[in-house]
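To start, the structure itself, in structure tokens.
Number of protein chains: 2
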Amino acid sequence: MPKRHISLGLDYGTETARALLVDTGSGEEIATAVAPYPHGVLESHLPDGTGLEPETALQNPNDYLTVLEQIVPNAMRAGGVQAEEIIGLGVDFTASSVLPTLADGTPLCMLPEFSSNPYSYVKLWKDHAAQPEVEEMNELAEARGETFLSNYGGRLSPEWMFPKTLRMLRKAPEIYAAADRVIEAGDWLVWQLCGEEKRSACQAGYKGLWSKSAGYPSKDYLAALHPGFAGFVREKLTLDIHSLGKPAGSLRKSWASKMGLSPGIPVAVAVIDAHAAVLGCSVAEAGKMVLALGTSTCHLVMHEKKVQARGVAGIVEDGIVPGLVAYESGQSAVGDIFAWFTQNQLPAHYQETARQKGLDLFGYLESLAAEIPPGQSGLIALDWWNGNRSTLMDASLSGLILGLTLTTQPEDIYRALIEATAFGTLAIIDNHTKQGIPVNELYVCGGLSERNHLLLQIYADVTGRRLNIAASSQAAALGAAIAGAVAVGSGKGGNATFTEATKAMAGLKDKIYVPNPAAHAVYKKLYEQYLNIYQTFGQGTLNTMRSLREIKNQASPRRSAD
Amino acid sequence: MPKRHISLGLDYGTETARALLVDTGSGEEIATAVAPYPHGVLESHLPDGTGLEPETALQNPNDYLTVLEQIVPNAMRAGGVQAEEIIGLGVDFTASSVLPTLADGTPLCMLPEFSSNPYSYVKLWKDHAAQPEVEEMNELAEARGETFLSNYGGRLSPEWMFPKTLRMLRKAPEIYAAADRVIEAGDWLVWQLCGEEKRSACQAGYKGLWSKSAGYPSKDYLAALHPGFAGFVREKLTLDIHSLGKPAGSLRKSWASKMGLSPGIPVAVAVIDAHAAVLGCSVAEAGKMVLALGTSTCHLVMHEKKVQARGVAGIVEDGIVPGLVAYESGQSAVGDIFAWFTQNQLPAHYQETARQKGLDLFGYLESLAAEIPPGQSGLIALDWWNGNRSTLMDASLSGLILGLTLTTQPEDIYRALIEATAFGTLAIIDNHTKQGIPVNELYVCGGLSERNHLLLQIYADVTGRRLNIAASSQAAALGAAIAGAVAVGSGKGGNATFTEATKAMAGLKDKIYVPNPAAHAVYKKLYEQYLNIYQTFGQGTLNTMRSLREIKNQASPRRSAD
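Protein chains in written order, with the numbering used here: chain Y, 1 to 562; chain S, 563 to 1124.
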């Protein structure tokens, strides 16, 4: 047996971390292992009982290290892989998930004096508490004509590093003051592994208001937001920023021994999870939109030209593949909506019947919803359970279901929710095409692309586009492994370029979902209705969703649950 | 023991019929008995399997007779009542529930040749299939300047006799041709009991487009709807119409013997169930609105003057109490929405926990929803699960929930649904007061007024009005018994007038629900939001709900369930 060259992809999702071992020559996925974060996502209180403000979602950064000692050895054991076969590794991470640290990388939440302060933890991507801060940032940037706005479709998101840090400065100035560094969790992990603080251009570009040509926002702009914020870039960020596929450094001895790897192998700079998934879908051309379908959905498409497109979350030159401009959009809740539905809206007898039929709940629901022809639920929904990330970029928006009658069944609602997320994706696609960025075919990967045939067919029928599926069920982890292989380079068993690496390591399934013309015709009519309510509630005709949040914030609070 | 004078109230609801025995002097409710209709409500198919069109709700008229032989003897047995103590009886009935019969009163559905034809059965009040017909009737009446429209707030309802019969003529001309009579089920029952076809002014006035001064709509108007409809009034209705409290005749021997009553006792003309409930709430003055809270809600208020109020379902002079004009409005689904919610939206663990706590499901839900302060659910709903009866009178409208997030709990939705029905009631109240008809206090009766304290408090808080509760838990049946006592008259142990009868026989509970000012202040803000979406979807800015129905009707149908 010839010597294998294996790249390790480490994929840090919202709930779990995964290790994937991939042969850099054949693309064989040799083994994988996964582990949940011991503390999960902290949304109501810290482990010590400290309550959290609404819209908060935190993580404990120590969890990212703890799981490493499980998933890497477990994957190696499962694949019969020896340390010397693993030639490099890459990391993909949710973003923008940011944390404050000391100059040596110690997270502030690890210090006893800060362990009860929520602002010392990782602010996870889906934390939306910085909505007031981002509104202020948007308003000021617009008033001042800040050019960086055009890289973000004209609006920043509350999920990003700057609004999150501005809120930290406002609400917990002692944390802000103590932070020598504010850093993306993906960059922080790479720093731990190789001992060097090298930041990812992908993360800085899409989530950190950085661009290769213009750098970060100006001191003047930051000072106008808050006098104490003026020095943020100089004091707490670094300009040591590197492109995808570059090695950030080599694996430290201590971590090599904890994971059972060889010390000194290259560690690639971190990549945003959805961007890694593009590589995992073997997409390296313009006009092919990749949907990373998970708890939320990320939409990435490349185009030859840079268009100052509005309503797109991020526009980064060479963002994924050199020579192409990468456009990122997103829906802030997709799988999360379906999970909410099954946890909060399903009568007992559905679980009972699913069990009797030997199906899981989603499988049973899919079998029922598949029997409902397009248009027959009588329902339409707006997919804004966690706000709208694109094209409106407004976290204060919320979900809506319309058309309910006394004969509406749970499966009608389930189907309407799937359709709503498909309409949301079509609104994103249309936003691209109207501004001259073609979207010809769809490529999907992620948790929802594996088994949910109904959802995939509905996406094809609603968008009127062919839908291809990544061969790998771990597209993001595969993308991380590809980044690892490129960081190693061709001399040492890795790959010279991303084009070469994706060709060798990634592929598509045979099954393609093709739009059904009759279904597409009905969905065209429903989409018109979707757009009407989308515009009414999303673009200011009716400010109902925002008003409800204001009324909620002003009214007597709930008694806290004990 | 002095001889008791007892009146029998027969209350025909949507699901069950009830007998109530009441002392005409003391008002003591001596005994009651209830029975469900053997065939229930037929909504998907006839007993022989014949499928029904959407929006259909039928009953088998034979069920109305079958239950009589149970409930009357059962109530008499339970109360130790002898036949000679019962001096008269009254009947209240859902309306407009209409059926076609032969000249001798035989329902067409009892004839073998018609038993598989849905149009030969009772079209229950909540049957909304005649929506297209009522739209045509409204349009034509408006174009022709028909004056009867002003008695119905400017719009007729698909629930009423004329649109239902027009649809019968269109869809089942053979049934229309065979019908010697088209009659309200309440009138039909009275006909069976006393052998004489005497129609109720209450039913004819509110549901049959009849008024004392102008009679029925003109032949010309009917002919313009359909040539075959021209003779409807002359051929299939009677002008033998009588006011509330008048005897329709005396009890026939055959039915006296089946029920165990004395033959020859007076039978009062039928009264609409919600109108009977006004009497059962002891309301006989202007400015007091009675809410009959059940599967749907009926709103009745009296006023000294006749106002051509728009958006009111029915306006009838002397409609309840002589000398006052009675205004009726309604919400087509209230308790039905809550039942839909518990059947279709509640996860298994709610039932489990309710059982562990020894509460019924509604009791447990109420305990959870009561912990949510006004405004804290973040939700707002439109209570149109079964269309809007007042003030928009549009059965094509449907339900909406807005403000949903990933943290929305079932009890948040439950509370929002209760609030939505309260906002719907406030919209009806405001529609009265804006047009000069005062609504000072609320009086409630019916199924939902008995135990649902949270709902009652929310209604007081939303409307900003004091809420009184009928002492009787059977206000409609009590009203029927009052009508029976008035039909008997004062000479023979009954009562001379309604004022005397309600004084003797009806009353209120001690507990009054008083609006909480802080809650009312929050609800004023939420009501503004409610009105915004009410106007947007109800008054034509967005035609989404109607469009969804059109798309549904045009798209491929569901496979029928086997």
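Built from N, CA and C at the ideal position, the CB exists for glycine as well.
Beta-carbon proximity check, residue i vs residue j, cutoff 9 Å
{"i": "residue 526 of chain Y", "j": "residue 399 of chain Y", "result": "no"}
{"i": "residue 657 of chain S", "j": "residue 747 of chain S", "result": "yes"}
{"i": "residue 410 of chain Y", "j": "residue 907 of chain S", "result": "yes"}
{"i": "residue 679 of chain S", "j": "residue 592 of chain S", "result": "no"}
{"i": "residue 1071 of chain S", "j": "residue 1020 of chain S", "result": "no"}
{"i": "residue 943 of chain S", "j": "residue 978 of chain S", "result": "yes"}
{"i": "residue 515 of chain Y", "j": "residue 558 of chain Y", "result": "no"}
{"i": "residue 386 of chain Y", "j": "residue 126 of chain Y", "result": "yes"}
{"i": "residue 997 of chain S", "j": "residue 872 of chain S", "result": "yes"}
{"i": "residue 855 of chain S", "j": "residue 896 of chain S", "result": "yes"}
{"i": "residue 877 of chain S", "j": "residue 1094 of chain S", "result": "no"}
{"i": "residue 487 of chain Y", "j": "residue 246 of chain Y", "result": "yes"}
Contacts that residue i makes with chain Y (C-beta to C-beta distance below 7 Å)
{"i": "residue 687 of chain S", "result": "Result: empty, since nearest Cβ-Cβ is about 14 Å, beyond 7 Å."}
{"i": "residue 968 of chain S", "result": "333, 336, 340, 385 and 386"}
{"i": "residue 1087 of chain S", "result": "551"}
Chain Y within 9 Å of residue i, Cβ atoms only
{"i": "residue 936 of chain S", "result": "yes"}
{"i": "residue 1009 of chain S", "result": "no"}
{"i": "residue 950 of chain S", "result": "no"}
{"i": "residue 917 of chain S", "result": "no"}
{"i": "residue 680 of chain S", "result": "no"}
{"i": "residue 1124 of chain S", "result": "Low per-residue confidence applies at residue 1124 of chain S: pLDDT is 38, beneath 50, and the placement is therefore not dependable, though the value from the model is reported in the following sentence. Output row for residue 1124 of chain S: interface = no."}
{"i": "residue 1094 of chain S", "result": "yes"}
{"i": "residue 941 of chain S", "result": "yes"}
{"i": "residue 1064 of chain S", "result": "no"}
{"i": "residue 576 of chain S", "result": "no"}
Whole-angstrom distance between residue j and residue i, CA atom to CA atom
{"i": "residue 781 of chain S", "j": "residue 756 of chain S", "result": "31 Å"}
{"i": "residue 65 of chain Y", "j": "residue 121 of chain Y", "result": "15 Å"}
{"i": "residue 181 of chain Y", "j": "residue 549 of chain Y", "result": "33 Å"}
{"i": "residue 604 of chain S", "j": "residue 619 of chain S", "result": "6 Å"}
{"i": "residue 1005 of chain S", "j": "residue 1035 of chain S", "result": "13 Å"}
{"i": "residue 667 of chain S", "j": "residue 676 of chain S", "result": "15 Å"}
{"i": "residue 576 of chain S", "j": "residue 647 of chain S", "result": "29 Å"}
{"i": "residue 546 of chain Y", "j": "residue 893 of chain S", "result": "28 Å"}
{"i": "residue 500 of chain Y", "j": "residue 494 of chain Y", "result": "10 Å"}
{"i": "residue 48 of chain Y", "j": "residue 39 of chain Y", "result": "12 Å"}
{"i": "residue 954 of chain S", "j": "residue 661 of chain S", "result": "27 Å"}
{"i": "residue 541 of chain Y", "j": "residue 534 of chain Y", "result": "10 Å"}
{"i": "residue 964 of chain S", "j": "residue 715 of chain S", "result": "30 Å"}
Chain S contact residues for residue i, given Cβ-Cβ distances below 9 Å
{"i": "residue 402 of chain Y", "result": "944, 960, 961, 962, 963, 964, 1099, 1106, 1107 and 1110"}
{"i": "residue 247 of chain Y", "result": "Per Cβ cutoff of 9 Å: no residues; residue 247 of chain Y is ~38 Å from chain S at best."}
Contacts that residue i makes with chain S (C-beta to C-beta distance below 7 Å)
{"i": "residue 555 of chain Y", "result": "935, 936, 937, 938 and 1084"}
Local Cβ density within 10 Å of residue i, reported as buried at 16 or more and exposed below that
{"i": "residue 665 of chain S", "result": "exposed"}
{"i": "residue 59 of chain Y", "result": "buried"}
{"i": "residue 227 of chain Y", "result": "exposed"}
{"i": "residue 562 of chain Y", "result": "Note on residue 562 of chain Y: pLDDT 38, under 50, position unreliable in the model; no value is reported."}
{"i": "residue 214 of chain Y", "result": "exposed"}
{"i": "residue 520 of chain S", "result": "Since the first residue of chain S shown is 563 and the last is 1124, residue 520 of chain S is not available in this structure."}
{"i": "residue 1118 of chain S", "result": "exposed"}
Beta carbon proximity, residue i to chain S, threshold 9 Å
{"i": "residue 344 of chain Y", "result": "yes"}
{"i": "residue 551 of chain Y", "result": "yes"}
{"i": "residue 516 of chain Y", "result": "no"}
{"i": "residue 410 of chain Y", "result": "yes"}
{"i": "residue 58 of chain Y", "result": "no"}
{"i": "residue 351 of chain Y", "result": "yes"}
Neighbour list for residue i in chain Y, Cβ cutoff strictly below 8 Å
{"i": "residue 531 of chain S", "result": "With chain S covering 563 to 1124 only, the question about residue 531 of chain S has no answer from this structure."}
Contacts of residue i in chain S (Cβ-Cβ under 8 Å)
{"i": "residue 347 of chain Y", "result": "905, 906, 907, 908, 909 and 910"}
{"i": "residue 529 of chain Y", "result": "1106, 1109, 1110 and 1113"}
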